[in-house]
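Per my numbering, the sequence shown starts with residue 96, numbered consecutively.
Okay, so here's the structure we're looking at.
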Amino acid sequence: MDVLINVFVALHIIGIASLLGGFLTQMKAMSAGAARFDAPMLHGALTMLITGMVLVGLNQADGQTLDNIKIGIKLAILIVILGVVYVKRDDEAASKPLFGVVGGLTVVNIFIATLWT
96 MDVLINVFVA LHIIGIASLL GGFLTQMKAM SAGAARFDAP MLHGALTMLI
146 TGMVLVGLNQ ADGQTLDNIK IGIKLAILIV ILGVVYVKRD DEAASKPLFG
196 VVGGLTVVNI FIATLWT
């Protein structure tokens, strides 16, 4: 079971890397007002959602105790990110504040995952 959980943790990290990487590669475009929510950001957020749900199920099946408040907060943040990226994915350019909010929420989600014990 540990190997399976670790595989899904790795996939979850790949999802966050895709979401954050998509944001960071467009920082220069954001300053010019030309940043947009691209496919890697959407796919990264979807990967995080699916692998996160699988991880919760696997950890519960393994008999581990989970912090449901932490998981709920992370899920709520991810749903906001996913909703914004999904709705605005076809726009030519995203507004600077909205694009910054997605990047900021992504970083907040990373800090919640790593620092909340």
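Ideal Cβ positions, reconstructed from N, Cα and C, are used throughout, including at glycine.
These figures come from a predicted structure and were not determined experimentally.
- Here the C-alpha atom of Asn-163 lies approximately 9 Å from the C-alpha atom of Val-151.
- In the displayed model, Ser-126 falls within a helix according to three-state DSSP.
- Taking C-alpha positions only, Ile-205 is separated from Ala-112 by approximately 10 Å.
- Contact between Ala-171 and Phe-132 does not hold, since their C-beta atoms are separated by about 19 Å, which reaches or exceeds 8 Å.
- Separation of Gly-198 and Asp-97 (C-alpha to C-alpha, rounded to the nearest whole angstrom) is 31 Å.
- In the DSSP annotation of this structure, the continuous segment of the alpha helix (DSSP H) that includes Gln-155 starts and ends at 134-156.
- Around the beta carbon of Val-179, a 10 Å sphere encloses 16 or more other beta carbons of the protein chains shown; the residue is thus reported as buried.
- In the structure shown, Leu-177 falls within a helical segment according to DSSP collapsed to helix, strand and coil.
- Gln-159 sits exposed, since fewer than 16 C-beta atoms from the chains shown fall within 10 Å of its C-beta.
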